[in-house]
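Before any comments, here is the structure.
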Amino acid sequence: MTGITHLAEADSAGQVARHVLRFGPVPRGAVARALGLSAGSLTRLGSALLDAGVLVETDPVTDPVTRRPTRPLDVALAAHRVLGVALAGGAAWGVLTDLRAGVRARARVPLGGASPDAVVAAVAALAGELGVPRPDAVGLAVDGQVDADGRVQADVLGRRPPVDLAGPLRAATGAEVVVGDELTCATRTEHWTGLGREHTGFAVLALGAGVGHGLVVADRVVDSPDAGLQPLGHLPLESTGPRCPRGHRGCATALLGTPALLAAAQVATGLPVTWAELLADAVDGDRRARQVLDDAAAHLGRLVALVAGVTGVDQVLLVGEGADLAVVGYEALRAALDGHRDPRARPVELTVRDHDPHDWARGAAGAAAQAFATGPRWLSGVRR
Numbered sequence: 001m002t003g004i005t006h007l008a009e010a011d012s013a014g015q016v017a018r019h020v021l022r023f024g025p026v027p028r029g030a031v032a033r034a035l036g037l038s039a040g041s042l043t044r045l046g047s048a049l050l051d052a053g054v055l056v057e058t059d060p061v062t063d064p065v066t067r068r069p070t071r072p073l074d075v076a077l078a079a080h081r082v083l084g085v086a087l088a089g090g091a092a093w094g095v096l097t098d099l100r101a102g103v104r105a106r107a108r109v110p111l112g113g114a115s116p117d118a119v120v121a122a123v124a125a126l127a128g129e130l131g132v133p134r135p136d137a138v139g140l141a142v143d144g145q146v147d148a149d150g151r152v153q154a155d156v157l158g159r160r161p162p163v164d165l166a167g168p169l170r171a172a173t174g175a176e177v178v179v180g181d182e183l184t185c186a187t188r189t190e191h192w193t194g195l196g197r198e199h200t201g202f203a204v205l206a207l208g209a210g211v212g213h214g215l216v217v218a219d220r221v222v223d224s225p226d227a228g229l230q231p232l233g234h235l236p237l238e239s240t241g242p243r244c245p246r247g248h249r250g251c252a253t254a255l256l257g258t259p260a261l262l263a264a265a266q267v268a269t270g271l272p273v274t275w276a277e278l279l280a281d282a283v284d285g286d287r288r289a290r291q292v293l294d295d296a297a298a299h300l301g302r303l304v305a306l307v308a309g310v311t312g313v314d315q316v317l318l319v320g321e322g323a324d325l326a327v328v329g330y331e332a333l334r335a336a337l338d339g340h341r342d343p344r345a346r347p348v349e350l351t352v353r354d355h356d357p358h359d360w361a362r363g364a365a366g367a368a369a370q371a372f373a374t375g376p377r378w379l380s381g382v383r384r
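Counting with the working numbering, you get residues 1 to 384 for the letters of the sequence shown.
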């Protein structure tokens with residue numbers, strides 16, 4: 001058996017495995033070029049990872065650079081299982097994924113209370129529903145503030161001081177545990193398995209009751225302890241606009257939050273509507289609904305222009321239950337976005353993801369998978 005016998009080679013093996021996890025299946029030559037390894041070094045490291053079952057070979061292809069036949073490397077995805085959980089709407093939403101956050105199954109269970117014990121019980125129930133009593137890693141995403149030790153302050157846990165969720169989950173599952181705010185988790189997963197595979201910088205904007213954001217710059221997620229507080233949501237966009245629940249006039253939440261838009265629609269039409277009904281009315285040609293959404297879409301375009309201008313990114317991903325605003329109001333959004341950028345600047349590309357509460361659970365799973373892949377357990381079977 002080929003072994004890894006030196007600490008530096010063990011580190012290199014980890015780099016190889018993680019590169020294949022992010023970008024695989026990938027030809028050997030592409031791995032060597034990306035990591036600056038010689039062909040001999042990659043052969044030695046790859047053999048050890050293959051022998052340990054960390055990597056596998058896929059069907060032969062032609063290397064696009066050398067034009068020679070090669071068998072690309074990929075991760076043995078079926079060897080590890082990750083449980084991702086998100087708390088929302090009085091329920092725990094769960095997904096079972098592989099190390100690349102590919103969803104294999106999903107489930108939902110009621111959240112039986114606002115205590116850490118209730119959260120642990122819900123995670124255990126989801127593990128049972130999904131048939132994974134002993135996952136390799138567990139990720140938990142919450143709409144709230146999470147500190148570096150996994151202590152959470154969130155509405156779903158009641159109005160109480162920060163509580164430890166990472167410790168009880170670790171004790172209950174014996175797994176690698178990551179607890180984070182839902183948007184940071186989603187951004188980390190997008191960095192490893194989504195836009196980050198092709199772009200080293202992008203922003204994520206989440207539209208719902210408020211407005212949150214995540215950011216990747218120079219191939220790194222920009223962390224902030226305040227991410228769960230959605231600071232972007234209180235950025236002023238219109239000095240004469242309505243006030244948000246915290247009293248800020250014309251901020252992003254007051255102009256783009258779904259409760260604010262539904263209130264504006266009721267004023268315009270005289271009737272209460274749901275978000276789905278408002279979108280459908282605008283698509284069907286209702287002038288009042290269209291005006292409400294176009295006004296909001298124009299504000300969203302200004303916000304995207306501001307984010308892109310300040311951060312330098314030209315890729316923006318829109319997620320959350322309110323993201324369909326960008327689809328229905330695209331023309332107004334694009335006009336405002338382009339109108340607030342220098343015409344010589346790179347155009348900003350927008351991507352809109354359909355909303356599913358399980359998406360936040362997938363984000364949690366992806367964050368947990370990254371922690372597992374950067375820790376000691378994943379490569380423990382590689383002889384060093």
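The C-beta atom is built at its ideal place from N, Cα and C for all residues, glycine as well.
The C-alpha of Val273 lies about 53 angstroms from the C-alpha of Pro64. If the five residues before and after Asp181 are omitted, its C-beta is found closer than 6 angstroms to the C-beta atoms of Val146, Ala227, Gly228, all from its own chain and listed in chain order. Of the other Cβ atoms in all chains shown, fewer than 16 fall within 10 Å of the Cβ of Asp59; this residue is therefore exposed. Cβ-Cβ distances below 8 angstroms link Gly270 to nothing in the same chain once the five nearest sequence neighbours on each side are left out. Counting along the chain, Glu57 sits inside the beta strand (DSSP E) bounded by residues 55 to 57.
In its chain, beyond the 5 residues on either side, Leu111, Gly112 have a beta carbon closer than 7 angstroms to the beta carbon of Ala118. By the CB criterion at 8 angstroms, Leu77 and Leu96 fall outside the cutoff. In this structure Arg67 is exposed. Its beta-carbon is surrounded by fewer than 16 other beta-carbon atoms within 10 angstroms. The alpha-carbon of Leu278 is positioned some 11 angstroms away from that of Arg287. Per DSSP, the beta bridge partners of Arg249 are Arg243. DSSP, read as helix, strand or coil, puts Pro69 in strand.
In this structure Val61 is in contact with Pro27, their Cβ atoms being roughly 7 angstroms apart against a cut-off of 8 angstroms. Under the DSSP assignment, Gln291 falls in the alpha helix (DSSP H) whose first and last residues are 287 to 311. Apart from sequence neighbours up to five positions away, the residues of its chain that approach Ala254 with a beta-carbon distance below 7 angstroms are Gly241, Pro242, Arg243, Cys244, His248, Ala260, ordered along the chain.
Under the 10 Å beta carbon count, Glu176 is surrounded by 16 or more other beta carbons and is classified as buried.
For Gly214, the uninterrupted beta strand (DSSP E) segment begins and ends at 211 to 217. Nearest to Leu42 by alpha-carbon distance, out of Ala52, Asp51, Val31, is Val31.
Bounds of the beta strand (DSSP E) holding Glu176 are 176 to 181. It is roughly 32 angstroms from the alpha-carbon of Leu130 to the alpha-carbon of Arg220. Separation of the CB atoms of Ala101 and Ala369 is rounded to 6 angstroms, and the pair is thereby assigned contact status at 8 angstroms.
Gly139 carries a strand assignment under DSSP once its states are collapsed to helix, strand and coil. Trp93 is bridged by DSSP to Ala86, Arg108. In the structure shown, the three-state DSSP call for Pro236 is strand. Checking the DSSP bridge columns, you'll see Phe202 partnered with Val216. Per DSSP, reduced to three states, the secondary structure at Val26 is strand.
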